[in-house]
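Scroll down for the structure; my scribbles are underneath it.
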Amino acid sequence: MVKRIGGLFFSIIFLIAISAVHVSGQDPSTEINQLKKEVQKLLQRIEELEKKQAEMESKTVKTEKKVTEVEKKAERTEKKSLKDRVNLSGEARFRIVRSTSDTNAGFYGNDHPSDDIEAVDETYFPLRVRLNAHAEVVPGIADFYARLTMNKNFGLSESSLSDPLDNPNSFEASKGHDMTPRFEQAYTTIKIPLFNTTWYIGRLPGLDGPPSRQAGSLFPRLFIDAEIDGSLIKWDAPHTALDNIKLPWTSTRLFNNSRIEEVGRAFLSRKAYESKIKDRTGIILGYLKYDEKKESLPDDADVYLAQAQVKIGKDTAIVVDGLYMDDWHIPNTSNDKDVPDFKTPYWLTGFYADTQLLGFQIYGAYYYSHFKIPDHSWVDNGTTYTFDAEGFPGRIWYLGFNSGDLISPNMQLCVEYAKGDDAWINPFNYRGFRRKGTVQSPANNYFYNESGTNTIVGFYPFHAGVWDIYYDYFYHEKLRFRLGLMDFQFYESGIRDGNYSILGSNKFEHTWYPYFEVNISF
131 MVKRIGGLFF
141 SIIFLIAISA
151 VHVSGQDPST
161 EINQLKKEVQ
171 KLLQRIEELE
181 KKQAEMESKT
191 VKTEKKVTEV
201 EKKAERTEKK
211 SLKDRVNLSG
221 EARFRIVRST
231 SDTNAGFYGN
241 DHPSDDIEAV
251 DETYFPLRVR
261 LNAHAEVVPG
271 IADFYARLTM
281 NKNFGLSESS
291 LSDPLDNPNS
301 FEASKGHDMT
311 PRFEQAYTTI
321 KIPLFNTTWY
331 IGRLPGLDGP
341 PSRQAGSLFP
351 RLFIDAEIDG
361 SLIKWDAPHT
371 ALDNIKLPWT
381 STRLFNNSRI
391 EEVGRAFLSR
401 KAYESKIKDR
411 TGIILGYLKY
421 DEKKESLPDD
431 ADVYLAQAQV
441 KIGKDTAIVV
451 DGLYMDDWHI
461 PNTSNDKDVP
471 DFKTPYWLTG
481 FYADTQLLGF
491 QIYGAYYYSH
501 FKIPDHSWVD
511 NGTTYTFDAE
521 GFPGRIWYLG
531 FNSGDLISPN
541 MQLCVEYAKG
551 DDAWINPFNY
561 RGFRRKGTVQ
571 SPANNYFYNE
581 SGTNTIVGFY
591 PFHAGVWDIY
601 YDYFYHEKLR
611 FRLGLMDFQF
621 YESGIRDGNY
631 SILGSNKFEH
641 TWYPYFEVNI
651 SF
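Numbering (the working numbering), first residue to last: 131 to 652.
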């Protein structure tokens, strides 16, 4: 700009000189007036250019200041986001429980037990503490999740009742006397946006599936409700016409119809419903490793899994899933070396569905399992016995409802019932029915040892009906009170070879326990 003004000034002098030569013959006064006018115009132009230059310099300074401020804000935002990417939370559950169990004479078969059994624990205090962590490693791409869990039954003096099969995948840490914390979850998710896919790897979120629908749950609880290790690929379908369907029975409430449109309200009793709304149509494929306690089997079992979910509108979901395990090892904690170790293929398939009806969340499931016990032999009291290979199909059905926010925004009632048959067992369902989907505490397997000594071996099916009923009151979003009842009724096995079933039996025929629970989140 300075160079331009300087050049303009010299141009003025040059023009004056040229004009003086050109008009030397004219009247000097006229020439002088013309030159003055031209000089005046040029001086005005110089003044205008100087003002523009000053304005530009001022704007440049302001722009530089703004850029500096933006950079500082961006730096502060980046530091803040790094802090916010790590989220820590936790939960503590305190229960007061009274349990009563009884078994009629002859329940196991033949004359075992010889007398009626009754066991009462007037008061004990199960405690569960969970610490959760979520780290956003790469925003929008990679995340890490972990859950550290510790369980303790204060006042439960008989440890054998809480440690039925004593193996790595048992319920020991979920309802036992062991205070050692363990990782219930520890996995990474990596999103692949191009294919709308998420990759899971690690100790996977198999716990607390529908209807609980806790954060991160993937499977119905009758299918997988346990710690699982391996890798999953989850594909979410794009929006389809099915998402827009409004089923007639989902939009009518028994009462409190005004709440049906209050989706934005933070009703604590509506959490399960809102989690269901967020679910999407999709497919899950997985490869898992399964580890049982083993005495001679050298390898873990390989598990191949598939699940498909279809959403119909926002209120209804249908899940169809199945898995195959190539070499499932029969749990055997007996020191009786005459009882062999053996393995078998295992199949599991079924479906789960839930919807809204009159404001209630209604859900149910049906599953089928199959395993085979191979040819084997054993010795009992000096006599050798043999068993010819046989397949065992098992079935279970399940039905429940949850009142959600129908009763009150801070209260809910849940009632569930399930019934398994003679050979139903799911080794991937530990927590849902309090013991590997099988028994709470196993009886001696008299099929292998009629003398009644300690022989805990076999599959121990969940041949029982169970009621799970509870009523919740949310005093605060971080404080919940629960009054509940669980009732287990086991049945005599109809699968018998001689006097006893090879599958074993639960120790107690009937167990029920009311409880009061305080749950805090932090």
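Think of the CB as a built atom: it goes at the ideal place given N, C-alpha and C, for glycine as much as any other residue.
**Message:** Quick check on the DSSP output: the beta strand (DSSP E) that includes glycine 524 runs from which residue to which?
**Reply:** Taking the first residue of the sequence shown as position 1, residue 524 is located at position 394. First-last of the beta strand (DSSP E) with glycine 524: 520-532.
**Request:** Would you mind stating whether leucine 352 and asparagine 636 have Cβ atoms separated by less than 8 Å?
**Result:** Residue 352 sits at position 222 when you count from the first residue of the sequence shown. Residue 636 sits at position 506 when you count from the first residue of the sequence shown. Going by C-beta atoms, leucine 352 is not nearer than 8 Å to asparagine 636.
**Request:** Determine which residues share a DSSP beta bridge with glutamine 499 and list them.
**Result:** Against the sequence shown, residue 499 aligns to sequence position 369. Inspection of the sequence shows that residue 499 is occupied by serine rather than by glutamine. Answer is Leu478, Gly524.
**Message:** If I measure Cβ to Cβ from tryptophan 365 and keep anything under 6 Å in the same chain, skipping five residues before and after, which residues do I get?
**Reply:** Here residue 365 is taken as the residue at index 235 of the sequence shown, counted from 1. The answer, listed in chain order, is Thr327, Gly412, Ile413.
**Asked** Under a Cβ-count criterion, where at least 16 other Cβ atoms within 10 Å of its own Cβ denotes burial, should tyrosine 605 be classed as buried or exposed?
**Response** Within the sequence shown, numbered from 1, the residue matching residue 605 stands at position 475. By the neighbour-count rule (16 or more Cβ atoms within 10 Å), tyrosine 605 is not buried but exposed.
**Message:** I want to know whether the segment 223-242 touches the segment 629-644 - three or more CB-CB distances under 8 Å.
**Reply:** yes
**Prompt:** Terminal residues of the continuous beta strand (DSSP E) containing arginine 333?
**Reply:** Sequence index remark: in the sequence shown, residue 333 carries index 203 (1-based). Note, arginine 333: beta strand (DSSP E), 327-334.
**Message:** I need the straight-line Cα distance from isoleucine 331 to threonine 380, nearest angstrom please.
**Reply:** Here the question's residue 331 lines up with position 201 in the sequence shown. Here the question's residue 380 lines up with position 250 in the sequence shown. Taking the straight line joining both Cα atoms gives about 36 Å.
**Asked** By Cβ distance, which residues of its chain are closer than 8 Å to phenylalanine 490, with the 5 residues on each side in sequence left out?
**Response** Stepping through the sequence shown from its first residue, residue 490 is reached at position 360. Contacts found: Leu384, Phe531, Asn532, Ser533, Gly534, Leu536.
**C-beta atoms of isoleucine 632 and phenylalanine 577 nearer than 8 Å** = Numbered from its first residue, the sequence shown carries residue 632 at position 502. Numbered from its first residue, the sequence shown carries residue 577 at position 447. In contact: isoleucine 632 and phenylalanine 577 (Cβ atoms closer than 8 Å).
**Asked** What do you get for valine 191, buried or exposed, if any count of 16 or more other CB atoms within 10 angstroms of its CB means buried?
**Response** For this step, residue 191 is matched to residue 61 along the sequence shown. Per the 10 Å Cβ criterion, exposed.
**Request:** Flag this pair as yes or no: are the beta carbons of phenylalanine 611 and isoleucine 555 separated by less than 8 Å?
**Result:** Counted from its first residue, the sequence shown places residue 611 at position 481. Counted from its first residue, the sequence shown places residue 555 at position 425. No. Outside cutoff.
**Prompt:** What does a CB cutoff of less than 6 Å around leucine 487 pick up in its chain, not counting 5 residues either side in sequence?
**Reply:** Start at 1 with the first residue of the sequence shown, and residue 487 comes out as number 357. Here the set comprises Trp379.
**Message:** Quick check on DSSP: helix, strand or coil for serine 300?
**Reply:** On the sequence shown, position 170 is the one that residue 300 refers to. In this predicted model, serine 300 has a pLDDT of only 38, less than 50, meaning its place in the structure is not dependable; the value taken from the coordinates is given anyway. It is coil, neither helix nor strand.
**Request:** Have a look at Asn579, Ala436, Lys171, Gln439 and flag the residue whose alpha-carbon is nearest the alpha-carbon of tyrosine 630.
**Result:** The residue given as residue 630 occupies position 500 in the sequence shown. For tyrosine 630, the nearest C-alpha among the options comes from Asn579.
**Request:** Pull up the distance between the alpha-carbon of alanine 371 and that of isoleucine 442, whole angstroms please.
**Result:** Mapped onto the sequence shown, residue 371 falls at position 241. Mapped onto the sequence shown, residue 442 falls at position 312. Approximately 9 Å between the Cα atoms of the pair.
**Asked** Where does leucine 97 fall in DSSP's three states?
**Response** Because the chain is modelled from 131 through 652, residue 97 falls outside the range shown and cannot be assessed.
**DSSP-derived helix/strand/coil call for lysine 189** = Working through the sequence shown from its first residue, we reach residue 189 at position 59. Looking at lysine 189 - three-state DSSP - the assignment turns out to be helix.
**Prompt:** Alpha carbon to alpha carbon, how far is methionine 616 from lysine 419?
**Reply:** What you label residue 616 is simply residue 486 of the sequence shown in a count that begins at 1. What you label residue 419 is simply residue 289 of the sequence shown in a count that begins at 1. Going from the Cα of methionine 616 to the Cα of lysine 419 covers about 32 Å.
**Item:** Cβ separation of glycine 416 and leucine 478, assumed to be a contact under 8 Å, to the nearest whole Å
**Value:** Within the sequence shown, the letter at position 286 stands for residue 416. Within the sequence shown, the letter at position 348 stands for residue 478. Contact flag wrong, Cβ pair sits at about 13 Å.
**Message:** Along the chain, where does the beta strand (DSSP E) containing histidine 640 start, and where does it finish?
**Reply:** One-based indexing of the sequence shown puts residue 640 at position 510. Histidine 640 -> beta strand (DSSP E) spans 640-651.
**Asked** glutamate 180 CB to nearest chain C CB: under 8 Å?
**Response** The chain labelled as chain C is not found in the depicted structure, where only one protein chain is given.
**Run of the beta strand (DSSP E) containing valine 469, from where it starts to where it stops** = Here residue 469 corresponds to residue number 339 of the sequence shown, with the count starting at 1. It is not in any beta strand (DSSP E) - valine 469 carries neither H nor E in the DSSP assignment.
**Request:** Starting from serine 231, trace the beta strand (DSSP E) both ways and give me its first and last residue.
**Result:** Here residue 231 corresponds to residue number 101 of the sequence shown, with the count starting at 1. Residues 216-233.
**Message:** On the CB-based measure, 16 or more other CB atoms within 10 Å of its CB, does phenylalanine 646 come out buried or exposed?
**Reply:** The sequence position of residue 646 within the sequence shown is 516, counting from 1. Classification of phenylalanine 646: exposed, given that the 10 Å Cβ count is below 16.
**Request:** Going by DSSP, name the residue or residues bridged to phenylalanine 313.
**Result:** Counting from one through the sequence shown, the residue named residue 313 turns up at place 183. Leu278.
**serine 507 - DSSP class collapsed to helix/strand/coil** = Taking the first residue of the sequence shown as 1, we reach residue 507 at position 377. Serine 507: strand per DSSP, three-state reduction.
**Item:** Length of the line joining the Cα atoms of arginine 565 and aspartate 355
**Value:** What you label residue 565 is simply residue 435 of the sequence shown in a count that begins at 1. What you label residue 355 is simply residue 225 of the sequence shown in a count that begins at 1. With a pLDDT of 42 at arginine 565, under the threshold of 50, the modelled position of that residue is not reliable, and no figure is offered here.
**Asked** Shortest alpha-carbon distance to glutamine 653 belongs to which of Asp430, Ala265, Ala483?
**Response** Nothing about residue 653 can be reported from this structure: the residues present for the chain run from 131 to 652 only.
**Message:** Output needed for serine 651: all residues of its chain with C-beta closer than 6 Å, excluding positions within five of it in sequence on either side, in chain order.
**Reply:** Working through the sequence shown from its first residue, we reach residue 651 at position 521. Excluding sequence neighbours, serine 651 sits near Glu221, Lys608.
**Item:** Distance between beta carbons of tyrosine 238 and alanine 594, contact taken as under 8 Å
**Value:** Counting from 1 along the sequence shown, the entry for residue 594 is found at position 464. Counting from 1 along the sequence shown, the entry for residue 238 is found at position 108. In fact, because the Cβ distance is near 14 Å, the residues do not count as touching under 8 Å.
**Prompt:** Nearest CA to the CA of aspartate 457: which residue from Asp445, Val449, Ala447, Tyr434?
**Reply:** Sequence index remark: in the sequence shown, residue 457 carries index 327 (1-based). It is Tyr434.
**Asked** In whole angstroms, what separates the C-alpha of lysine 473 from that of aspartate 432?
**Response** Counting from one through the sequence shown, the residue named residue 473 turns up at place 343. Counting from one through the sequence shown, the residue named residue 432 turns up at place 302. Whole-angstrom Cα-Cα distance: 12 Å.
**Request:** Could you spell out the range, first to last residue, of the beta strand (DSSP E) harbouring alanine 672?
**Result:** Absent from the structure is residue 672, since the part of the chain shown begins at 131 and ends at 652.
**Request:** Compute the Euclidean distance between the alpha carbons of phenylalanine 121 and serine 347, then round it to the nearest angstrom.
**Result:** Nothing about residue 121 can be reported from this structure: the residues present for the chain run from 131 to 652 only.
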